[in-house]
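> Everything in the sequence shown is counted per the working numbering, starting at 3 for the first residue and increasing by one.
Quick one: the structure is below, questions incoming.
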Amino acid sequence: MTASMQGELRPAINRFKLGSFEVATILDGKSVRDGLHPAFGGNASADEVHALARANNIDIQRFEHHYIPTLVNTGKRLVLFDTGNGGLVREYEQMRGRLPPGELVEHLAKAGYKPEDIDVVVTTHGHPDHIGGLTEAGKVVFPKARYVFGAAEFDFWKRGEGVSEARKFNRELFVKICVPLAERATFIKPGDEVVSGITAVDAAGHSPGLMAFHIESEGKRLMITADTCTHYVMAVQRPEWHFAMDDDKDKAVASRKRILDMVSADKLFVASFHMPFPGIGWIEKSQGGYRWVPHSYQLTL
Numbered sequence: 003m004t005a006s007m008q009g010e011l012r013p014a015i016n017r018f019k020l021g022s023f024e025v026a027t028i029l030d031g032k033s034v035r036d037g038l039h040p041a042f043g044g045n046a047s048a049d050e051v052h053a054l055a056r057a058n059n060i061d062i063q064r065f066e067h068h069y070i071p072t073l074v075n076t077g078k079r080l081v082l083f084d085t086g087n088g089g090l091v092r093e094y095e096q097m098r099g100r101l102p103p104g105e106l107v108e109h110l111a112k113a114g115y116k117p118e119d120i121d122v123v124v125t126t127h128g129h130p131d132h133i134g135g136l137t138e139a140g141k142v143v144f145p146k147a148r149y150v151f152g153a154a155e156f157d158f159w160k161r162g163e164g165v166s167e168a169r170k171f172n173r174e175l176f177v178k179i180c181v182p183l184a185e186r187a188t189f190i191k192p193g194d195e196v197v198s199g200i201t202a203v204d205a206a207g208h209s210p211g212l213m214a215f216h217i218e219s220e221g222k223r224l225m226i227t228a229d230t231c232t233h234y235v236m237a238v239q240r241p242e243w244h245f246a247m248d249d250d251k252d253k254a255v256a257s258r259k260r261i262l263d264m265v266s267a268d269k270l271f272v273a274s275f276h277m278p279f280p281g282i283g284w285i286e287k288s289q290g291g292y293r294w295v296p297h298s299y300q301l302t303l
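Below you can see the structure in the form of structure tokens.
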């Protein structure tokens, strides 16, 4: 008898030790998007983008976009970075066809955690795929958590001044989802600690107040870079190329280069929201630029 095809099956949880901390990256979902150019390399030609794709053995027209929140257990606090898409596609017509439904809570359960176990929820920035899982049908998903926002990011979306036409609905979402959490929130700036061992780093550009986070325990270090780089080839090998969803493209380029310089020079492991799952690797200098090197077993020995 011929075995039936079972369909795609991928891991969704990756957990490892970092000093005395335990870190997990969790796949909230993925989407396949058409048009590698001009989504990437808007300031380059299609031929240049397609040539880079071919050189890296990836499709020249389509790309996978992963959504990967990170969970850090310090032994004292369980800290979640970003909440993925949540129920946005179920609740808002504008989100349908743009984002996959979020699976974070389901995968947290498989990892042994309930939503009420989360002590701190950190929002790296206010774009829909990072705030969508904060609430479900108007109710908070993580009922016992303290919420952490970048002060500049929160202020930008709350005031609503200078929001581009393309981000108007994003602003509506932020006001509806995030602003009511202000009474339970802490507002931080680059250089501030979330908890001991977790420090905010300026990465603004993709959004007005995007923050990365430096994690350190017992001399082991990792950088959560959020959306500083949004593709493991296009954004890393060509950091000067514009990404269509960067709000301030020139500032995003400057932040990308600065963060890539930092993590490559210091040999920091990186957890990145949109890299291929599990989203863990490091940045290596290569031919005058950079390349993404996926984690194999360096963090699990």
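Note that CB positions come from ideal geometry on N, CA and C, so glycine has one too.
Among the residues of its own chain, which have a CB less than 6 Å from the CB of Lys32, if the five just before and after it don't count?
Annotation for Lys32: Glu66 and His68 place their beta carbon closer than 6 Å to its own, counting only its chain and skipping 5 residues before and after.
> Does the separation of the CB atoms of Thr27 and Pro296 fall below 7 Å?
no
> In whole angstroms, what separates the C-alpha of Phe189 from that of Asp229?
20 Å
> Helix, strand or coil for Gly128, going by three-state DSSP, please let me know.
coil
> Going by DSSP, what residue range makes up the beta strand (DSSP E) through Asp268?
First-last for Asp268: undefined, no H or E at that position.
> Quick test of your reading: Thr76 and Phe23, contact by CB under 8 Å. State the CB separation rounded to the nearest angstrom.
5 Å
> With which residues is Tyr149 paired in a DSSP beta bridge?
Val123 and Ala187
> For Pro192, which residues from the same chain have a beta carbon less than 7 Å from its beta carbon, with the 5 sequence-adjacent residues on both sides left out?
Within the same chain, Pro192 has close Cβ partners Ala202, Val203, Asp204 and Met213.
> Counting only runs that start and end within the segment 32-66, where is the alpha helix (DSSP H) found for 4 or more residues in a row?
38-41 and 48-57
> Provide the residue span of the alpha helix (DSSP H) that contains Arg173, from first to last.
Lys170 to Ile179
> Which value, in whole angstroms, describes the spacing of the CA atoms of Gly290 and Pro241?
Distance from the CA atom of Gly290 to the CA atom of Pro241, rounded to whole angstroms, is 12 Å.
> Taking 7 Å as the cut-off, decide whether the C-beta atoms of Gly134 and Leu90 are in contact.
yes
> Excluding five sequence neighbours on each side, which residues of the same chain lie with their C-beta closer than 8 Å to the C-beta of Lys252?
The residue asked about is misnamed: residue 252 is Asp in this sequence, not Lys. Closer than 8 Å at the Cβ level, and outside the excluded window around Asp252, lie Gly207.
> So, with DSSP's three-state summary, where would you put Trp284?
strand
> Short check: CB of Gly86 to CB of Leu101, under 7 Å?
no
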